[in-house]
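**Student:**
Numbering (this note's numbering), first residue to last: 332 to 848.
Structural data, given as structure tokens:
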């Protein structure tokens, strides 16, 4: 154990710069509760409007509250490292004490906000199995000390492991494309152009817009005054009398293109902020992912925790021959924190070229044969089920509404047939995407709609296999297959009985024979 770690056997506080971190976390918490605080903000705005002289004292009071919160959080947080465990005491009004042995720690993550880079401090997050969020967080440690702590935790986990994984479990030898970074091997990095493509092909701005939905009414009320301020006259743009149908159509199209360009720009900016300077490196038996523009984040994933590799492509990814590679690890679904973006919780490589996909998969798994797989399709009764239970009810409701408004039975029947045809085409495309492939070591599952998702996992990683059969499926000897891993479950619908039993028996036989997970 290093001397710096030995020196931490007595109770101590984190670095003083943590006060800034705690203050910003308090502000972040308030912003997260913005929807619930809207009435308070409205009341405060009315108070300022009627009593302008109160703006300064109330603003100073709010700033003082934030500062006091940060100081108290810093003062009441203490920790020590003793006997292979991290002990933490925290809490202002409710005191908490945590004893976290190294053996319980599943992952060590670093986070370095922009204001920490000057002093070379990091936030250390410690994850444990079964926890929905970080079990413990050390708000400000000097980076060399944090690295020493991570090294101690990883060495403790490795020495206490019951069985050491074989070398071939972690993939083939590193290719010539890998370069050494100290004691780490660079597996892949992402350029700025890759991040721009990722932002365009994986537009997640709709999630942000959905979260901001409560503000839309207020924005709509002020939209007219904003347009008038910038000199935009909507009545002239969208006037049929002055522009005609062609002019109005062109104005609508131009507005649509402008809005989509703005949304795409926001998505690209989000991609750059999240994945800037992305590097995935390998150090012995673990991967280390580093990225971030303003806040640099580091996630360590021991390869023994890798459960499944997921290769995901949206329709635009397929056109550009790109994919996102996800490393699904133990508890990846349990650890989902709704207050954090997905990219902060998982190891994901964005906008990967096809040849790089094979490189990544071969580096993690031994002989995955990803490019030579032949997928067994699911049964066509899947189409019947989707049309009968989804398409037909929706088509019937739409046809009734159209019939009541038009009073035309013919038009109503045409509407019913049109809706059924559209849904049938959609479900047919989805049925064609479904497939499963089984070999001596791996199970591969494919699904999608316009895009394609491929998931690959080793048979000995399976924890549970369930076969589900409804009354309608029993007549045709069909099963829905559910495979449970430590990272989550995989569902394959409408498999014929022979193939479903083959997959179930093969997985359970491998688990019983190998005795590892």
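Cβ coordinates follow ideal geometry from the N, Cα and C atoms, glycine included.
(1) Is any heavy atom of the ligand MG found at a distance shorter than 7 Å from the C-beta of residue 598?
(2) From 829, 430, 604, 603, pick the residue whose C-alpha is nearest to that of residue 810; which is it?
(3) If the criterion is Cβ atoms closer than 8 Å, does the pair residue 440 and residue 630 meet it?
(4) So, helix, strand or coil for residue 625, using DSSP?
(5) Where does the unbroken alpha helix (DSSP H) through residue 719 begin, and where does it stop?
(6) Who are the near neighbours of residue 349 in its chain, counting only those whose CB is closer than 7 Å to its CB and skipping five residues on each side?
(7) With DSSP run on the structure shown, which of helix, strand or coil describes residue 642?
(8) DSSP state of residue 710, grouped into three classes?
(9) Please report the distance separating the alpha-carbon of residue 601 from that of residue 649.
(10) For residue 716, collect the residues of the same chain with a Cβ closer than 6 Å to its Cβ; drop the 5 residues on either side in sequence, then sort them by chain order.
(11) Where DSSP assigns a beta bridge to residue 418, which residues make up the other side?
(12) Taking the alpha-carbon of residue 657 as reference, which of 645, 640, 634 has the nearest alpha-carbon?
(13) Residue 746 lies in the alpha helix (DSSP H); which residues open and close that run?
(14) Rounded to whole angstroms, what's the CA-CA distance from residue 393 to residue 411? Just pull it up for me.
(15) Where residue 390 and residue 370 are concerned, what is the direct C-alpha to C-alpha distance, given to the nearest angstrom?
(16) Can you grab the Cα-Cα spacing for the pair residue 693 / residue 786, in whole Å?
(17) The beta strand (DSSP E) that contains residue 786, what's its start and end?
(18) What are the boundary residues of the alpha helix (DSSP H) that includes residue 440?
(19) Using DSSP with H/G/I as helix, E/B as strand and the rest coil, what is residue 404?
(20) From the DSSP output, which residues share a beta bridge with residue 603?
(21) Between residue 685 and residue 654, what straight-line distance do the alpha-carbon atoms span, to the nearest angstrom?
(22) If we call anything under 8 Å between Cβ atoms a contact, is residue 823 one with residue 812?
(23) Compute the Euclidean distance between the alpha carbons of residue 414 and residue 480, then round it to the nearest angstrom.
(24) According to DSSP, which residues form a beta bridge with residue 810?
(25) Out of 374, 755, 523, 798, which has the shortest C-alpha to C-alpha gap to residue 831?
(26) Apply the 10 Å Cβ neighbour rule to residue 843 and answer buried if 16 or more other Cβ atoms are within range, or exposed otherwise.
(27) Taking the straight line between their C-alpha atoms, what separation do you get for residue 666 and residue 606?
(28) With DSSP collapsed to three states, give me the class of residue 844.
(29) Checking 8 Å against the spacing of the C-beta atoms, do residue 426 and residue 343 come in under that value?
(30) Given a cut-off of 8 Å on the beta-carbon distance, is the pair residue 802 and residue 838 in contact?
(31) Leaving out five residues on either side along the sequence, give the residues of the same chain with a beta carbon under 6 Å from the beta carbon of residue 636.
(32) According to the neighbour-count rule (16 or more other Cβ atoms, all chains shown, within 10 Å of its Cβ), is residue 518 buried or exposed?
(33) Three-state secondary structure (DSSP) at residue 473?
(34) Return the CA-CA distance between residue 817 and residue 351, expressed in angstroms with no decimal places.
(35) In chain order, what residues of the same chain have a beta carbon less than 8 Å from the beta carbon of residue 881, not counting five sequence neighbours either side?
(36) When the Cα atoms are used, what is the spatial distance from residue 621 to residue 821?
**Tutor:** With the given structure in hand:
(1) The ligand MG is not part of this structure, which contains no ligands at all.
(2) Residue numbering aside, residue 810 sits at position 479 when the chain shown is read from its first letter. Ranking 829, 430, 604, 603 by Cα distance to residue 810 puts 829 first.
(3) By 1-based counting over the chain shown, the position of residue 440 is 109. By 1-based counting over the chain shown, the position of residue 630 is 299. Annotated as proximal: residue 440 and residue 630, with beta-carbon spacing under 8 Å.
(4) Locating residue 625 in the chain shown gives position 294, counting from the first residue. DSSP places residue 625 in coil when its eight states are reduced to three.
(5) Here residue 719 refers to the residue found at position 388 of the chain shown. Residue 719 -> no alpha helix (DSSP H), and no H or E assigned at all.
(6) By one-based count along the chain shown, residue 349 stands at place 18. Around residue 349: 405, 470, 471.
(7) Sequence index remark: in the chain shown, residue 642 carries index 311 (1-based). Residue 642: strand per DSSP, three-state reduction.
(8) As a position in the chain shown, residue 710 is number 379, starting the count at 1. Three-state DSSP puts residue 710 in coil, outside helix and strand.
(9) Taking the chain shown and counting its residues from 1, the one referred to as residue 601 is at position 270. Taking the chain shown and counting its residues from 1, the one referred to as residue 649 is at position 318. Rounded to the nearest angstrom, the two C-alpha atoms are 21 Å apart.
(10) Looking up residue 716 in the chain shown gives position 385. Result list for residue 716: empty, nothing under 6 Å.
(11) Locating residue 418 in the chain shown gives position 87, where the first residue counts as 1. Paired residues: 411, 430.
(12) For the purposes of this step, residue 657 is taken as residue 326 along the chain shown, with counting starting at 1. When each option's Cα is compared against that of residue 657, the closest is 640.
(13) Within the chain shown, numbered from 1, the residue matching residue 746 stands at position 415. Taken as a continuous stretch (DSSP letters only), the alpha helix (DSSP H) holding residue 746 covers 740–764.
(14) Here residue 393 is taken as the residue at index 62 of the chain shown, counted from 1. Here residue 411 is taken as the residue at index 80 of the chain shown, counted from 1. In this structure, the straight-line span from the alpha carbon of residue 393 to that of residue 411 is close to 33 Å.
(15) Residue 390 sits at position 59 when you count from the first residue of the chain shown. Residue 370 sits at position 39 when you count from the first residue of the chain shown. When rounded, the distance between both Cα atoms is 18 Å.
(16) Translated into positions along the chain shown, residue 693 becomes position 362. Translated into positions along the chain shown, residue 786 becomes position 455. Their backbone Cα atoms lie some 14 Å apart in a straight line.
(17) Position 455 of the chain shown, counting from 1, holds the residue named residue 786. 783–789 is the span of the beta strand (DSSP E), which, as asked, contains residue 786.
(18) Taking the first residue of the chain shown as position 1, residue 440 is located at position 109. Not the alpha helix (DSSP H): residue 440 falls in the beta strand (DSSP E), residues 436–443.
(19) Along the chain shown, read from residue 1 onward, the residue named residue 404 stands at position 73. Residue 404 falls in the helix class under three-state DSSP.
(20) Against the chain shown, residue 603 aligns to sequence position 272. DSSP output for residue 603 lists no bridge partner at all.
(21) By 1-based counting over the chain shown, the position of residue 685 is 354. By 1-based counting over the chain shown, the position of residue 654 is 323. Residue 685 and residue 654: Cα-Cα distance of roughly 7 Å.
(22) Within the chain shown, residue 823 is the residue found at index 492, counting from 1. Within the chain shown, residue 812 is the residue found at index 481, counting from 1. Contact: yes.
(23) Walking along the chain shown from the start, residue 414 turns up at place 83. Walking along the chain shown from the start, residue 480 turns up at place 149. Those two C-alpha atoms are separated by around 13 Å.
(24) As a working mapping, residue 810 is identified with position 479 in the chain shown. DSSP lists 826 as partners of residue 810.
(25) Here residue 831 refers to the residue found at position 500 when the chain shown is read from its first residue. Of the listed residues, the one whose Cα sits closest to residue 831 is 798.
(26) Indexing the chain shown from 1 puts residue 843 at position 512. It counts as exposed.
(27) Counted from its first residue, the chain shown places residue 666 at position 335. Counted from its first residue, the chain shown places residue 606 at position 275. Low local confidence applies: a pLDDT of 47 at residue 666 is under 50, so the model's placement there is unreliable, with the coordinate-based value given in what follows. Within the model, the alpha-carbon separation for residue 666 versus residue 606 is close to 20 Å.
(28) The residue you call residue 844 lines up with position 513 of the chain shown. In this structure, residue 844 counts as helix in the three-state DSSP scheme.
(29) For this step, residue 426 is matched to residue 95 along the chain shown. For this step, residue 343 is matched to residue 12 along the chain shown. Going by C-beta atoms, residue 426 is not nearer than 8 Å to residue 343.
(30) Numbered from its first residue, the chain shown carries residue 802 at position 471. Numbered from its first residue, the chain shown carries residue 838 at position 507. No. Outside cutoff.
(31) Taking the first residue of the chain shown as position 1, residue 636 is located at position 305. Residues of the same chain with a CB within less than 6 Å of the CB of residue 636, apart from the 5 flanking positions on each side, are 660, 661 in chain order.
(32) Here residue 518 is taken as the residue at index 187 of the chain shown, counted from 1. Classification for residue 518: buried.
(33) Position 142 of the chain shown holds residue 473. If DSSP states are grouped into helix, strand and coil, residue 473 belongs with the strands.
(34) Taking the chain shown and counting its residues from 1, the one referred to as residue 817 is at position 486. Taking the chain shown and counting its residues from 1, the one referred to as residue 351 is at position 20. So the alpha carbons of these two residues sit roughly 37 Å apart.
(35) The structure shown does not extend to residue 881, since the chain is modelled only from 332 to 848, so the question has no answer here.
(36) Translated into the one-based positions of the chain shown, residue 621 becomes position 290. Translated into the one-based positions of the chain shown, residue 821 becomes position 490. For residue 621 and residue 821, the distance between alpha carbons rounds to 28 Å.
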